[in-house]
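J.: Respectively, the protein sequence lines represent chains A and B. Counting from 93, one number per residue, gives the positions in the first sequence under my numbering. Counting from 93, one number per residue, gives the positions in the second sequence under my numbering. We treat Cβ as the ideally placed atom computed from N, Cα and C, and that holds for glycine. Since this is a predicted model, take the numbers as computed values, not measurements.
2 protein chains.
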Amino acid sequence: MSLTVAIPVAGAMGGGLGGILTANGATVLTETAGRSAATQERAAAARMTPTDAAGLGCADIILSVVPPAIAIETAARLAPHIAAAGGKALFIDANSISPATARAVAVVLRPTGAAFADGGIVGPPPRPGGKLPSLHVSGPGTERALVLRDLGLDVRPVDGDVGAASALKMCFAAINKGLVGILAAVAQAAEREGAGAALSGLLEENHPAIAARARKALPDMYPKAYRWVAEMEEIADFLGRDRAESAIWRALAQVYSDLAADSAADGQAIGLIETFRKRVAAG
Amino acid sequence: MSLTVAIPVAGAMGGGLGGILTANGATVLTETAGRSAATQERAAAARMTPTDAAGLGCADIILSVVPPAIAIETAARLAPHIAAAGGKALFIDANSISPATARAVAVVLRPTGAAFADGGIVGPPPRPGGKLPSLHVSGPGTERALVLRDLGLDVRPVDGDVGAASALKMCFAAINKGLVGILAAVAQAAEREGAGAALSGLLEENHPAIAARARKALPDMYPKAYRWVAEMEEIADFLGRDRAESAIWRALAQVYSDLAADSAADGQAIGLIETFRKRVAAG
Numbered sequence: 093m094s095l096t097v098a099i100p101v102a103g104a105m106g107g108g109l110g111g112i113l114t115a116n117g118a119t120v121l122t123e124t125a126g127r128s129a130a131t132q133e134r135a136a137a138a139r140m141t142p143t144d145a146a147g148l149g150c151a152d153i154i155l156s157v158v159p160p161a162i163a164i165e166t167a168a169r170l171a172p173h174i175a176a177a178g179g180k181a182l183f184i185d186a187n188s189i190s191p192a193t194a195r196a197v198a199v200v201l202r203p204t205g206a207a208f209a210d211g212g213i214v215g216p217p218p219r220p221g222g223k224l225p226s227l228h229v230s231g232p233g234t235e236r237a238l239v240l241r242d243l244g245l246d247v248r249p250v251d252g253d254v255g256a257a258s259a260l261k262m263c264f265a266a267i268n269k270g271l272v273g274i275l276a277a278v279a280q281a282a283e284r285e286g287a288g289a290a291l292s293g294l295l296e297e298n299h300p301a302i303a304a305r306a307r308k309a310l311p312d313m314y315p316k317a318y319r320w321v322a323e324m325e326e327i328a329d330f331l332g333r334d335r336a337e338s339a340i341w342r343a344l345a346q347v348y349s350d351l352a353a354d355s356a357a358d359g360q361a362i363g364l365i366e367t368f369r370k371r372v373a374a375g
Numbered sequence: 093m094s095l096t097v098a099i100p101v102a103g104a105m106g107g108g109l110g111g112i113l114t115a116n117g118a119t120v121l122t123e124t125a126g127r128s129a130a131t132q133e134r135a136a137a138a139r140m141t142p143t144d145a146a147g148l149g150c151a152d153i154i155l156s157v158v159p160p161a162i163a164i165e166t167a168a169r170l171a172p173h174i175a176a177a178g179g180k181a182l183f184i185d186a187n188s189i190s191p192a193t194a195r196a197v198a199v200v201l202r203p204t205g206a207a208f209a210d211g212g213i214v215g216p217p218p219r220p221g222g223k224l225p226s227l228h229v230s231g232p233g234t235e236r237a238l239v240l241r242d243l244g245l246d247v248r249p250v251d252g253d254v255g256a257a258s259a260l261k262m263c264f265a266a267i268n269k270g271l272v273g274i275l276a277a278v279a280q281a282a283e284r285e286g287a288g289a290a291l292s293g294l295l296e297e298n299h300p301a302i303a304a305r306a307r308k309a310l311p312d313m314y315p316k317a318y319r320w321v322a323e324m325e326e327i328a329d330f331l332g333r334d335r336a337e338s339a340i341w342r343a344l345a346q347v348y349s350d351l352a353a354d355s356a357a358d359g360q361a362i363g364l365i366e367t368f369r370k371r372v373a374a375g
C-alpha cells in the first residue's frame, strides 16, 4: 500500500513527522510556496513533495500541524479541495488547541464528507536518536489513523470523542509548563532573597526529579517563552473562564510574556533564574 | 549542660519538636493554660513543662512555632518577659512567614537585648520512624541556634541575614504547593473531558516522579486546603504584589479556598481529583 499523507506546513514538527513518513514509504505532500527558506529546506530534507491546496486535498490522510492560531483557517482553506476530491480523506487535527477549537475544526470539515480525528502531539519534534513524539488521537477517525503506525509514527488512541485528544495535550502541557513557570518565578525570588543555594540543596534532597527538571527545562524555555504566552491563554480558556483554576494559567501567560520581554531586553530576570539553575546543576 | 527551651504553643509541630528536645535532656517550657485539650495532651506526652509567659521569657532559647497570623503578637507578648529576665535568650522565629514579617519580629524583640535568628521548618511534624523536619536558620543568632543539634534537632544554617531562612521556607512551599495545586486543577479538567486515563499514562511514562507526587500529595492536601489559602496569599505577597508571578499564588489561594469549600460541601471537585488519582495509582 502506498499512502499519501498531506502535511500542510513543514514546520519543525510537521517536517520531522514528514521525514519519518517518507522514510517509511509514504508520499508526503506539503505546501512550500510563499513559505520561509527554513520551511522549504525542511520539506526538501524530509523528501516531502511540494504541491498546492488542491493537491493537499487529494491526500488519503491530512495531518494538520500548524501554529494553533491558524488551525481553523487551515481546515477551512482545504475544505473545498477535500470535498472536490470526493471527501474520502481522513483529516487529523494535531494542533495544540482546546477541545472547543477542535470541535470547531470538525464542524468546518463536516460538509466535505471527510472523516475526522482529533489529535494531540506530545514531545519535541523528532531528532535522530531521540524519542519519537506521540500522536494521541480520539473521535470517529481514530481507527483509520492507526495506519500511520505502519509508517513509523507513535499513534495512540484515546478513548473518547473529538476533544479528548486535545484535552489530553492541554492537560499535559498545563502540568509541564505550569511547573516550569513556578520554578522560574521561585528561582528569581530565592536569588533576590539570598536563599538560592539553600533552596537548590533542599530540592536536590527532597525532590531530585524536580531539581533535574529545573536544570533541563528552564533553559529550554527561554527561547520559547514568547510562544507559550498564547498557549497558557488557551489552557486558561480550556479550564473555564469562570473557574478559579484558569487564573493560574492566565498568570503564567503574563510570567512568560515578561520573560520573553526580559530576554529581548537586559535579561535581568533570566540572569537570576540561570544563577539559581547553575546551583542546582552543581548540587 | 542542661538547656531550657521555650516552645510557646505545643501544636503538632511545636509538640513534636518539644518531645525530641526533652528526650535529649532539655527542659522544654510551654504554655498550656487556656489551650485546647489536644494541645495540653501533646505537651504532656512530650514531657514539656507548663509555665506562663514570664516563665517562657526565662528560657535560654525561645523557639516560636505558632500559627503564622500570631507570629508578631507572640514575640510582642513575650518581649517584656525576655527583657525582665535580662535579655540573654536566643529567640528563633520558626514560623511560616514572609521575610518582611520575620524582620518585623526582629524589630519587636530588639529592645529586649535578646539574640535573634530567623527560622523556617521544612517537612511534616516529627513522627516515630519518620524523617525529622529540618530547621533552617539565618541571621545573627544562627551560631547559637546550632546547639539544638546536640538536642536532636536537624538544624541547618542558611547564609544570609534575617529573612533568608523565611524566604527559603516560602520558596520551598511555593514549589510544592504550587505543583499540587496545578495537579489538582488539571486532574479535574482531564476527568471532565474524558482524558484522565490517557493523562495518567502519559505522566507515568514521562514524569514518574510527578505521577508519584500526585498519588501521595493530593490526598494529603484535602484536609489542609483551608490552611493553605493564607499561606498562598503570604507567598504571593512575598513574591511582590507588583510582580506577575504573585498572581499565580493568588490564584492558587482561590483554588485551595474552593477545594476547602468543596470538601465541606458535596465533594464534587475532590471526587474528580480522586478519580484521576486512583488511575495514577493503578498505572
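Please name the residues in the region 257-282 of chain B whose beta-carbon is closer than 9 Å to at least one beta-carbon of chain A, in chain order.
T.: Correct list: ALA257, SER258, ALA259, LEU260, LYS261, MET262, CYS263, PHE264, ALA266, ILE267, ASN268, GLY270, LEU271, GLY273, ILE274, LEU275, ALA276, ALA277, VAL278, ALA279, GLN280, ALA281 and ALA282.
J.: Select from B:ALA186, B:LEU271 and B:GLY288 the residue whose C-alpha is nearest the C-alpha of SER230 (chain B).
T.: Out of B:ALA186, B:LEU271 and B:GLY288, B:ALA186 has the C-alpha closest to the C-alpha of SER230 (chain B).
J.: Who are the near neighbours of ALA175 (chain A) in its chain, counting only those whose CB is closer than 6 Å to its CB and skipping five residues on each side?
T.: So the qualifying residues of the chain are THR204.
J.: Short of 7 Å Cβ to Cβ, which residues in the region 220-252 of chain B face chain A?
T.: Those would be HIS228, VAL250, ASP251 and GLY252, in chain order.
J.: Does the beta carbon of GLY211 (chain B) come closer than 8 Å to any beta carbon on chain A?
T.: Not one chain A Cβ lies under 8 Å of GLY211 (chain B).
J.: Go through its chain and collect everything with a Cβ distance to THR367 (chain A)'s Cβ below 7 Å, but skip five positions before and after it.
T.: Contacts found: GLU283 and GLY288.
J.: Using beta carbons (cut-off 8 Å, strictly below), is VAL340 (chain A) in contact with chain B?
T.: Note that residue 340 (chain A) corresponds to Ile in the displayed sequence, not to Val. Yes, ILE340 (chain A) counts as interfacial toward chain B.
J.: Under 8 Å: do the region 261-272 of chain A and the region 289-299 of chain B share three or more Cβ pairs, one atom per stretch?
T.: Result yes; three or more Cβ-Cβ pairs closer than 8 Å.
J.: Apart from the five residues on each side of it in sequence, which residues of its chain come closer than 6 Å, Cβ to Cβ, to ALA184 (chain B)?
T.: For the record, residue 184 (chain B) in the displayed sequence is Ile; it is not Ala. LEU155, ALA209, GLY211 and ALA237.
J.: The alpha helix (DSSP H) with ALA287 (chain B) in it runs from where to where?
T.: Counting along the chain, ALA287 (chain B) falls outside any alpha helix (DSSP H), and DSSP gives it neither H nor E.
J.: Just the chain A side, please: which residues come within less than 8 Å of GLN346 (chain B) by C-beta, in chain order?
T.: By Cβ distance, chain A contributes ALA336 and ALA339.
J.: Using only the alpha-carbon positions, how far apart do TRP320 (chain B) and GLU296 (chain B) sit?
T.: Going from the Cα of TRP320 (chain B) to the Cα of GLU296 (chain B) covers about 27 Å.
J.: Would you please verify whether the beta carbon of VAL34 (chain A) is less than 8 Å from any beta carbon of chain B?
T.: An answer regarding residue 34 (chain A) cannot be provided, because it is not within the stretch 93 to 375 covered by chain A.
J.: Could you tell me the alpha carbon to alpha carbon distance between VAL250 (chain B) and ALA352 (chain B), rounded to whole angstroms?
T.: C-alpha separation (whole angstroms): 34 Å.
J.: Work out the CA separation of ASN298 (chain B) and VAL224 (chain B) for me, nearest whole Å.
T.: What sits at residue 224 (chain B) in the sequence shown is Leu, not Val. If you take the alpha carbons of LEU224 (chain B) and ASN298 (chain B), they lie about 31 Å apart.
J.: So which of B:ILE274, B:VAL97, B:PRO216 and B:GLY273 has the shortest CA-CA distance to THR122 (chain B)?
T.: The shortest C-alpha separation from THR122 (chain B) is found at B:VAL97.
J.: Say whether chain A places a C-beta atom closer than 8 Å to the C-beta of PRO217 (chain B).
T.: For PRO217 (chain B), the answer is no, since every Cβ of chain A falls outside 8 Å of its Cβ.
J.: Going by the DSSP bridge assignment, what does GLY212 (chain A) pair with across the sheet?
T.: According to DSSP, which records beta bridges pairwise, GLY212 (chain A) is partnered with A:HIS228.
J.: Can you name the residues of chain A whose CB is closer than 7 Å to the CB of GLY359 (chain B)?
T.: What GLY359 (chain B) touches in chain A: nothing, since even the nearest Cβ is about 17 Å away.
J.: Under three-state DSSP, which class holds THR96 (chain B)?
T.: Reduced to three states, the DSSP call for THR96 (chain B) is strand.
J.: Check the Cβ-Cβ distances between PHE330 (chain B) and every residue of chain A, and say whether any is below 8 Å.
T.: At least one chain A Cβ lies under 8 Å of PHE330 (chain B).
J.: In the DSSP assignment, what residue or residues form a beta bridge with ILE154 (chain B)?
T.: Answer is B:ALA98 and B:PHE183, bridged to ILE154 (chain B).
J.: Note the first and the last residue of the continuous beta strand (DSSP E) segment covering VAL247 (chain B).
T.: Unbroken beta strand (DSSP E) run through VAL247 (chain B): 246-249.
J.: Less than 6 Å between C-beta atoms, sequence neighbours within five positions excluded: which residues of the same chain meet that for GLY252 (chain A)?
T.: Correct list, in chain order: SER230.
J.: Can a CB atom of chain A be found closer than 8 Å to the CB of ASP185 (chain B)?
T.: No, no contact with chain A.
J.: Where are the beta strand (DSSP E) runs, 3 residues long or more, that stay fully inside the region 110-153 of chain B, in chain order?
T.: Runs of the beta strand (DSSP E) inside the region 110-153 of chain B: 119-122.
J.: Please determine, among A:TYR318, A:ALA336 and A:GLN360, the residue with the shortest C-alpha to C-alpha distance to SER349 (chain A).
T.: The residue with the shortest Cα to Cα distance from SER349 (chain A) is A:TYR318.
J.: Whole angstroms are fine: how far does the CA of GLU326 (chain A) sit from the CA of GLY103 (chain B)?
T.: Their backbone Cα atoms lie some 44 Å apart in a straight line.
J.: Counting contacts by CB-CB distance shorter than 8 Å, is LEU310 (chain A) in contact with chain B?
T.: LEU310 (chain A) does not count as touching chain B.
J.: If contact is defined by three or more beta carbon pairs under 8 Å, each pair taking one atom from either stretch, is the region 108-117 of chain A in contact with the region 136-149 of chain A?
T.: As far as the Cβ criterion goes, the region 136-149 of chain A touches the region 108-117 of chain A, which means the pair count is three or higher.
J.: Between VAL323 (chain B) and GLY270 (chain B), what straight-line distance do the alpha-carbon atoms span, to the nearest angstrom?
T.: According to the sequence displayed, residue 323 (chain B) carries Glu and not Val. Near 11 Å, if we compare the C-alpha coordinates of GLY270 (chain B) and GLU323 (chain B).
J.: Should ASP354 (chain B) be labelled buried (16 or more other beta-carbon atoms within 10 Å of its own) or exposed?
T.: Buried, since its Cβ has 16 or more Cβ neighbours within 10 Å.
J.: Is any beta-carbon of chain A found at less than 8 Å from that of GLY363 (chain B)?
T.: Chain A contact via Cβ: absent.
J.: Can you tell me which of the three DSSP states ALA207 (chain B) falls into?
T.: ALA207 (chain B) falls in the strand class under three-state DSSP.
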